[in-house]
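Below is one structure, written out as structure tokens; comments come after it.
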Amino acid sequence: MGDGSGVRLPGGRWRLWEQFALRGPGFPAAGVLRLAPRGLAEAADKFVREDAPDGEPGGPEWAGFAGLFAEAAVETAHDLQDIARTPAFREAVAWQNRPVLSSGVAPFLAWTPTAAGRTSMPRQREELVAHYWQRFCVKNDTIGFFGPVGWGRWDLGEAGVGVDPGEGLLASTEVYFAGWAVDALAARIDADPALREWVAPRRVPFVRVSGPEVTVPGRPARSLAPEEAAVLGLCDGVRPARDIGAALPGVDVPAVLAGLVARRWVVWKLEVPAGAHPERSLRAWLERVGDAPARRRWLDVLDALERGRDRVRAAAGADGVTAALAELEGEFAALTETAAVREKAAGTAPCRAVVYADCRRAATVRAGRAVHGALAPLRPLLTSARWLTAHLAEAVAAEARTVYARLAAEGPVDLASFWFACMPVLHGTARARADALQREFRDRWASVLAVPPGARRVHRSLDDVAGPVEERFGVAPGTGAGWTAARYASPDVMVAATGADAVERGDFQLVLGELHLAANTLGASLFVHQHPDPGELVRLTDRDHPRPRLMPLLPKEHRSRLSARTRHALVRPDDYHVALVDLTSGAGRPRTVLSADVSVTERDGELVVVLPDGAEFPAVDVFAHVLTTLAMDLFQVLPEEEHTPRVTVDRLVVARETWRLPGPDLDFAQEKDEARRFVRARRWRARRGLPRFVFVVLPTEPRPFYVDFDSPVYVNILAKAVRRMARREPDGRVVVTEMLPTPEQAWLVDDLGRAYTSELRFVAVEEEE
1 MGDGSGVRLP GGRWRLWEQF ALRGPGFPAA GVLRLAPRGL AEAADKFVRE DAPDGEPGGP
61 EWAGFAGLFA EAAVETAHDL QDIARTPAFR EAVAWQNRPV LSSGVAPFLA WTPTAAGRTS
121 MPRQREELVA HYWQRFCVKN DTIGFFGPVG WGRWDLGEAG VGVDPGEGLL ASTEVYFAGW
181 AVDALAARID ADPALREWVA PRRVPFVRVS GPEVTVPGRP ARSLAPEEAA VLGLCDGVRP
241 ARDIGAALPG VDVPAVLAGL VARRWVVWKL EVPAGAHPER SLRAWLERVG DAPARRRWLD
301 VLDALERGRD RVRAAAGADG VTAALAELEG EFAALTETAA VREKAAGTAP CRAVVYADCR
361 RAATVRAGRA VHGALAPLRP LLTSARWLTA HLAEAVAAEA RTVYARLAAE GPVDLASFWF
421 ACMPVLHGTA RARADALQRE FRDRWASVLA VPPGARRVHR SLDDVAGPVE ERFGVAPGTG
481 AGWTAARYAS PDVMVAATGA DAVERGDFQL VLGELHLAAN TLGASLFVHQ HPDPGELVRL
541 TDRDHPRPRL MPLLPKEHRS RLSARTRHAL VRPDDYHVAL VDLTSGAGRP RTVLSADVSV
601 TERDGELVVV LPDGAEFPAV DVFAHVLTTL AMDLFQVLPE EEHTPRVTVD RLVVARETWR
661 LPGPDLDFAQ EKDEARRFVR ARRWRARRGL PRFVFVVLPT EPRPFYVDFD SPVYVNILAK
721 AVRRMARREP DGRVVVTEML PTPEQAWLVD DLGRAYTSEL RFVAVEEEE
């Protein structure tokens with residue numbers, strides 16, 4: 001265990017949180033191996049040998065194999081039906097995509113598998129079940145009970161890794177309302193004329209008021225009539241419209257507010273702050289409403305929806321979950337006059353249902369001395385990451401100083417005007433600079449690693465890379481990481497071992513998955529609210545940041561990277577929120593400031609923002625989310641070539657072997673006969689030197705998926721995905737990465753001894769000077 005100051009990486013300034021997340025699926029890894037028929041791959045490889053003819057297989061030997069393949073296909077169909085009947089599988093699908101149970105799973109289970117009966121539709125349903133199965137068994141997702149959040153701690157008294165399996169799979173389950181669903185109810189409440197006067201109007205964050213004038217960035221100042229100035233001055237988002245009216249007798253406050261809303265200077269609608277429990281904020285607002293009948297009417301609606309959510313939480317099994325979800329969705333649609341499922345859209349986060357579930361895993365782990373020692377190569381990786389963030393921040397800051405100088409020549413600069421004037425930088429030149437930095441980053445790492453042409457495996461010692469990394473990625477003394485959040489990095493690390501005892505013996509390897517730059521990803525709501533003691537995570541944050549932070553307020557959601565589940569939740573009362581455009585934390589939160597009320601100035605050549613209470617912060621922190629978004633995909637130590645090798649530093653695999661291939665290279669995908677497709681896929685795999693287990697990414701698929709080249713059903717899924725890409729994006733590339741650890745290298749066990757794939761998500765923080 002740490003001594004209160006964290007667990008330090010050897011030889012550097014990086015400290016690891018004592019707590020780390022344990023990510024892994026909710027089904028044992030061995031489940032996917034059921035879909036690789038015993039002996040079929042070996043039989044197919046008779047036609048893959050170097051001395052096998054290049055033409056199409058034929059003759060008696062082929063007829064025998066074709067018969068064996070047909071028998072194996074029927075056996076696999078029965079195995080998939082057994083999987084599809086499993087209550088836990090059906091419940092997982094019910095949460096993931098409930099209509100699939102009736103449209104795909106039910107007819108698949110009603111079908112009797114035969115070789116002749118495996119026509120197009122049954123095969124599609126086989127692949128549907130197999131596709132869900134691979135996600136539930138070998139994808140280290142974090143969602144629902146098929147991806148529960150687990151936790152672990154450092155314990156340097158432990159030799160390797162220790163597992164306390166707990167009891168069952170889950171320690172706890174919670175069901176949450178999706179933010180968009182509570183917003184839909186708030187919109188219905190807002191439309192009730194009886195409640196209008198109880199809604200508090202607020203000034204738009206970028207609207208600046210100076211005496212009798214209003215200024216919006218990029219537009220000339222506008223004069224306010226006396227009654228407008230009086231009303232606008234009271235629009236703080238806390239004071240209801242009725243109280244504004246009481247404070248201004250003789251003023252037609254609703255009419256003035258309507259005019260201010262039309263000018264887009266004021267927002268006057270019921271808004272629910274972003275958070276894991278938006279219904280609680282809505283309830284608190286309703287309970288402050290003085291109109292008892294109206295208050296009771298809408299509290300009854302909210303009560304009904306919360307009872308529906310509670311029924312979902314209490315439901316057991318697929319049928320119970322399906323019925324409870326259907327009942328809740330029916331009530332929601334009737335009570336809110338809103339569809340209970342959102343359509344997919346580019347601008348919305350993944351949660352499309354009214355409610356979602358997150359769970360905490362029963363198993364906990366301890367990481368000991370062997371894992372700590374094997375993590376030493378993280379230090380040069382983090383040193384190079386610091387180079388990336390520092391240079392990215394400086395590039396943006398240099399452009400921002402030019403913007404500031406232009407604005408300052410005309411007078412005092414407020415943050416709202418500065419922010420909008422920097423938009424071309426943040427969404428134009430910053431992206432170009434980030435791309436250029438990534439190319440330079442890879443070039444510098446290429447000189448460190450010196451990968452020989454055509455290499456499949458590259459091994460370097462820490463001593464080999466530490467010095468060159470310091471030379472190529474060292475920054476000037478006193479240079480910071482770039483912005484406050486850039487002091488963090490969150491590496492995903494997998495332990496490749498056949499069991500916990502193998503780690504203790506030293507028979508293991510660590511594998512770096514993703515390295516999340518400039519972010520403490522354990523601060524995301526989905527982790528914080530599944531921790532047994534969230535206060536402990538707050539205390540760790542206090543140690544990292546003994547002073548208040550400035551944190552820009554973000555929209556409630558945006559695509560896959562921003563939602564209620566991923567929103568940063570480790571915000572302390574002393575931290576400041578600055579509303580640039582969106583005010584999503586609630587207007588009444590202390591230390592929430594509007595961008596128009598913040599000034600920007602220069603101190604010793606650096607830009608700072610000055611808050612209304614006099615607090616000062618580096619202006620670069622205002623760009624924190626944009627910079628982190630730019631930085632998060634930049635870390636690549638190898639170029640994006642057709643083939644890149646596995647690179648290992650001491651015991652840590654820092655890059656897995658990867659192939660980036662055009663669709664036509666996977667020539668087996670167009671083969672119509674399943675048996676021939678399987679043989680051709682294995683021939684292609686042998687020619688390319690691919691391992692048995694891989695993960696595949698295509699530009700036309702929503703997420704990576706697992707492929708086992710010993711399994712015809714997973715070969716079929718790959719082939720179909722390649723054909724889709726050929727139709728939709730013919731110039732796209734198929735990215736194939738070795739699966740490491742493999743399904744057999746799973747050390748995390750439950751109380752029944754079943755093994756699961758997993759990864760450890762650490763938080764590394766650079767010590768301040």
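Numbering follows the UniProt record's numbering, in which position 157 of the sequence shown is assigned residue number 157; successive positions increment by one, without gaps.
The beta carbon of each residue, even a glycine, is placed where N, CA and C say it ideally should be.
CA-to-CA distance, residue j to residue i, given in whole angstroms
i	j	result
Val679	Pro534	52 Å
Leu35	Tyr176	35 Å
Ala314	Phe709	40 Å
Ser223	Gly411	19 Å
His643	Pro691	14 Å
Ile143	Thr173	11 Å
Arg565	Tyr576	21 Å
Pro278	Gly179	6 Å
Arg118	Ala746	34 Å
Ala518	Arg487	6 Å
Arg439	Glu640	10 Å
Asp597	Val207	9 Å
Gly64	Ala30	29 Å
Val216	Arg728	43 Å
Ala393	Trp387	10 Å
Pro380	Glu514	15 Å
Pro491	Phe635	11 Å
Limits of the unbroken beta strand (DSSP E) element including residue i
i	result
Val697	693-697
Trp298	Segment 292-314 is the alpha helix (DSSP H) holding Trp298; no beta strand (DSSP E) there.
His169	For the sequence presented, residue 169 should be read as Leu rather than His. Leu169 -> no beta strand (DSSP E), and no H or E assigned at all.
Leu359	Here residue 359 is Cys; the residue named in the question, Leu, does not match the sequence. Unbroken beta strand (DSSP E) run through Cys359: 355-367.
Leu760	759-761
Thr737	733-738
Ala200	Counting along the chain, Ala200 falls outside any beta strand (DSSP E), and DSSP gives it neither H nor E.
Val214	213-215
Val654	652-655
Glu399	Careful: Glu399 lies outside any beta strand (DSSP E), inside the alpha helix (DSSP H) at 378-408.
Phe617	616-618
Where residue i sits in the DSSP three-state scheme
i	result
Ala681	helix
Gly67	helix
Pro598	Here residue 598 turns out to be Val, not Pro, going by the sequence shown. Residue state, collapsed to three classes: coil.
Val607	Strictly speaking, residue 607 in this sequence is Leu, with Val absent from that position. It is a strand residue.
Asp708	strand
residue 780	In this structure the chain extends from 1 to 769, so residue 780 is not present and cannot be described.
Val32	helix
Asp582	coil
Leu550	strand
Ala346	In this prediction, Ala346 scores a pLDDT of 45, lower than 50, which makes its location untrustworthy; the coordinate-derived value is nonetheless stated afterwards. Coil at Ala346, not helix or strand.
Start and end residues, alpha helix (DSSP H) containing residue i
i	result
Gly162	Here Gly162 belongs to no alpha helix (DSSP H); instead the beta strand (DSSP E) covers 161-164.
Arg444	430-449
Asp544	534-544
Asp501	500-505
Arg23	Run containing Arg23: none in the alpha helix (DSSP H); it sits in the beta strand (DSSP E), 19-23.
His131	120-138
Ala489	Here Ala489 belongs to no alpha helix (DSSP H); instead the beta strand (DSSP E) covers 488-496.
Gln96	87-97
Environment of residue i [buried if 16+ CB atoms lie within 10 Å]
i	result
Lys556	buried
Pro453	exposed
Met121	exposed
Lys139	buried
Ala346	Summary for Ala346: the model assigns pLDDT 45, below 50, so the residue's position carries little reliability, and this model does not support an answer.
Asp542	exposed
Ala432	exposed
residue 785	Because residue 785 is not part of the residues shown, which for the chain are 1 to 769, the question remains open.
Ala71	One point to set straight first is that residue 71 is Glu, not Ala, in the sequence displayed. It counts as exposed.
For the region 414-422 and the region 577-590, state whether three or more C-beta atom pairs, one from each stretch, are separated by less than 8 Å.
yes
Is the region 126-141 close to the region 76-91, with three or more CB pairs under 8 Å?
yes
Are the region 292-311 and the region 153-173 touching, with three or more C-beta to C-beta distances below 8 Å?
no
For the region 320-338 against the region 84-95, are there 3 or more C-beta pairs whose distance is under 8 Å?
yes
Count the CB pairs spanning the region 21-30 and the region 693-713 that are closer than 8 Å, and state whether there are at least three.
no
Three or more beta-carbon pairs under 8 Å between the region 588-602 and the region 195-215, yes or no?
yes
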